[in-house]
Amino acid sequence: SPKLDGTINDCKKNDEDDDNDLAINKAEVSLLNKLVRQSLEESRHNIEVKQRDPNSPLYSVHSFEELHLMPELLKGVYNMGFNRPSRIQETALPLMLARPFHNLIAQSQSGTGKTAAFVLAMLSRVDATQHHPQCLCLSPTFELALQTGKVIEQMSKFCPDIKLLYAIRGNRLDRGTVCTEQIVIGTPGTLLDWCTKLHIVDPRNIKVFVLDEADVMIATQGHKDQSIRIKKLLPEDCQMLFFSATFEDSVWNFAQRIVPDPNVIRLRRDEETLVNIKQYFIVCRDRNAKFQALCNIYGAITIAQVMIFCETRRMATWLVEQMSREGHQVGLLTGELTVGQRAAVIQRFKEGKEKVLITTNVCARGIDVAQVTAVINFDLPVDRSGRADSETYLHRIGRTGRFGKQGLAINMVEGEDGRRILHDIEQHFNKTIQKLDADDIDEIE
Ligand code: ADP
């Protein structure tokens, strides 16, 4: 067994392709969300199912009992605190577990229970008396593989004969090692080497092949081809399971090369909207005036948790210094932090240790901090040419008004440029943003 303590140091020490920035970013965001997530992400959206055989009835289960799992496995599921299947699991689990076994492509946003679903599917297929690989799982990075490995270990807690091997670069095996573990999880390059050049993993008896985080996977040069080559080594009747958080054309094309004749499940992401969000602006002369305005409204807004957005890391750092000087305890999230450090900052914020989180654009993209009820744009979002960036505006403040909760957004507007940007944002969403007098905060409530 490899000596992996499961600690996350720095995602930049990536397993493969250190120079692929985009891939690292996507993988980082994905990892961050996993590290800071404590519970299932709710989704009110209906599930869309396209069945390979449209005449077969569509089952969905409302309890784990209905799946007729091995008792040890069911015990493992309950031991993780799962009471009932999540939205996507209700449909995905019966589709994956029904005989004869069918292939599946599934898409839903992160946190909706995909990992738990395919881990359960893999574990339910393992014959623990056989000592050879039976399930393969591909992950885009070492760190993400570790996260999934942890879920496998937790869920199989009461199945002591099921063993897991990590096929990742850091895990150096002796020459001539032959894998006796039933489940192998790893990154595409290493796993391909282990199957072909090193003959550590025998792909000929694999029953389940999982490709996780497909959208992150294809962002890394080479991963796609390696995955396809691995797939070609597998037996004809191997079950292929393909998961992704998003589903652009490139992901769909990739899926079709890996997964013949699939069932398809999709759970669309909740649209971010500006409904339920009260939007205000405050006119300020300069950044000192913005800071003063922030202090004036601070008491009123920190009843809830607040995210404050700055355009640059320098501005964010400056603001943290000013706030700290006033005795406020605030968190700072910037791009220079490692993934582990960022996760820790978000964790503290989620636990309420800090009520205010100051951050820059780059950092906050794609990160779910569900309970935020107020957003302050200390700087308005602009694109490279200084024009209003309405999409980013929506991403920033769209996180406040979720699930019927009332959200609050306050924009600090500086100078003529600021007014013009605000005006463009108003036009874009066809919604007026109310003026607020920083000295008279009663209006907010
Ligand atoms: P995804 O793979 O879609 O990102 P995960 O499988 O990692 O989602 O699940 C997200 C979180 O929800 C994890 O903390 C996981 O332990 C939890 N979770 C998954 N399924 C259930 C369930 N049926 N009931 C309760 N919690 C669940």
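Mind the numbering: the sequence shown is residues 73 to 517 in UniProt numbering, read in order. For every residue, glycine included, the Cβ atom is placed at its ideal position computed from N, Cα and C.
Look at the alpha carbon of residue 148 and the alpha carbon of residue 161, and state the distance between them as a whole number of angstroms. Translated into positions along the sequence shown, residue 148 becomes position 76. Translated into positions along the sequence shown, residue 161 becomes position 89. So the alpha carbons of these two residues sit roughly 16 Å apart.
Between residue 275 and the ligand SAH, is the CB less than 7 Å from at least one heavy atom? With respect to small molecules bound, the structure shown includes the ligand ADP and not the ligand SAH.
Ranges of the alpha helix (DSSP H) found wholly within the region 142-211, counting only runs of at least 4: 143-151, 159-169, 186-197
Please state whether the Cβ-Cβ distance between residue 109 and residue 185 is less than 8 Å. Residue 109 sits at position 37 when you count from the first residue of the sequence shown. Residue 185 sits at position 113 when you count from the first residue of the sequence shown. Contact: no.
Report whether the distance from the Cβ of residue 152 to the nearest heavy atom of the ligand ADP is below 7 Å. Looking up residue 152 in the sequence shown gives position 80. True, at least one ligand heavy atom lies under 7 Å from that Cβ.
Mark residue 228 as exposed unless 16 or more other C-beta atoms lie within 10 angstroms of its C-beta, in which case mark it buried. To locate residue 228, count along the sequence shown from 1; it is residue 156. It counts as buried.
Nearest-angstrom Cα separation, counted from residue 97 out to residue 389: Here residue 389 refers to the residue found at position 317 of the sequence shown. Here residue 97 refers to the residue found at position 25 of the sequence shown. Approximately 22 Å, taken between the alpha carbons.
Nonlocal neighbours in the same chain, by C-beta distance under 6 Å from residue 481, ignoring five residues either side: Along the sequence shown, one-based indexing puts residue 481 at 409. So the qualifying residues of the chain are 349, 351, 447, 469.
Cross-strand partners of residue 484 (DSSP beta bridge): Counting from one through the sequence shown, the residue named residue 484 turns up at place 412. Partner(s): 354.
Taking Cβ positions, are residue 275 and residue 305 nearer each other than 8 Å? Against the sequence shown, residue 275 aligns to sequence position 203. Against the sequence shown, residue 305 aligns to sequence position 233. Closer than 8 Å, so yes.
Limits of the unbroken alpha helix (DSSP H) element including residue 371: Here residue 371 corresponds to residue number 299 of the sequence shown, with the count starting at 1. Segment 359-373, the alpha helix (DSSP H) holding residue 371.
Minimum length 3: unbroken beta strand (DSSP E) runs contained in the region 251-321: 255-258, 280-283, 311-316
Ignore the nearest five residues each way along the sequence and tell me which others in residue 191's own chain have a CB closer than 6 Å to its CB. Taking the sequence shown and counting its residues from 1, one reaches residue 191 at position 119. Around residue 191: 223, 224, 227.
By the three-class DSSP mapping on this structure, what secondary structure does residue 240 have? As a position in the sequence shown, residue 240 is number 168, starting the count at 1. Three-state result, residue 240: coil.
Could you tell me the distance, in whole angstroms, from the CA atom of residue 141 to the CA atom of residue 253? Translated into positions along the sequence shown, residue 141 becomes position 69. Translated into positions along the sequence shown, residue 253 becomes position 181. If you take the alpha carbons of residue 141 and residue 253, they lie about 21 Å apart.
Beta carbon of residue 314 nearer than 8 Å to that of residue 146: To locate residue 314, count along the sequence shown from 1; it is residue 242. To locate residue 146, count along the sequence shown from 1; it is residue 74. The answer is no: Cβ separation not under 8 Å.
For residue 376, which of 301, 257, 451, 426 has the nearest alpha-carbon? Within the sequence shown, numbered from 1, the residue matching residue 376 stands at position 304. Taking only the C-alpha atoms, the option nearest residue 376 is 426.
Whole-angstrom Cβ separation of residue 289 and residue 212, contact assumed at under 8 Å? Position 217 of the sequence shown, counted from the start, is the residue given in the question as residue 289. Position 140 of the sequence shown, counted from the start, is the residue given in the question as residue 212. Confirmed, Cβ separation roughly 5 Å.
Anyone know if the C-beta pair for residue 173 and residue 157 falls short of 8 Å? Numbered from 1 along the sequence shown, position 101 holds the residue referred to as residue 173. Numbered from 1 along the sequence shown, position 85 holds the residue referred to as residue 157. Contact: no.
Beta carbon of residue 175: closer than 7 Å to some heavy atom of the ligand ADP? As a first step, residue 175 is located in the sequence shown; it is residue number 103 there, counting from the start. No.
Would you say the beta carbon of residue 157 comes nearer than 7 Å to a heavy atom of the ligand ADP? Start at 1 with the first residue of the sequence shown, and residue 157 comes out as number 85. Checking the Cβ of residue 157 against the ligand ADP gives yes.
Just verifying my parser: in three-state terms, what is the DSSP assignment at residue 338? Numbered from 1 along the sequence shown, position 266 holds the residue referred to as residue 338. Strand.
With a cut-off of 8 Å on the beta carbons, I'd call residue 195 and residue 251 a contact; round off their distance for me. For this step, residue 195 is matched to residue 123 along the sequence shown. For this step, residue 251 is matched to residue 179 along the sequence shown. So it is not a contact: roughly 17 Å between Cβ atoms.
Any alpha helix (DSSP H) of 4 or more consecutive residues that is wholly inside the region 379-461: 385-397, 411-422, 433-436
Cβ-based neighbour list, residue 107, same chain, cut-off 6 Å, excluding 5 preceding and 5 following: Residue 107 sits at position 35 when you count from the first residue of the sequence shown. So the qualifying residues of the chain are 415.
Are residue 450 and residue 367 touching if we call contact CB-CB under 8 Å? As a first step, residue 450 is located in the sequence shown; it is residue number 378 there, counting from the start. As a first step, residue 367 is located in the sequence shown; it is residue number 295 there, counting from the start. No, the Cβ-Cβ distance between residue 450 and residue 367 is not below 8 Å.
So for residue 349, helix, strand or coil by DSSP? In the sequence shown, residue 349 corresponds to position 277, counting from 1. In this structure, residue 349 counts as strand in the three-state DSSP scheme.
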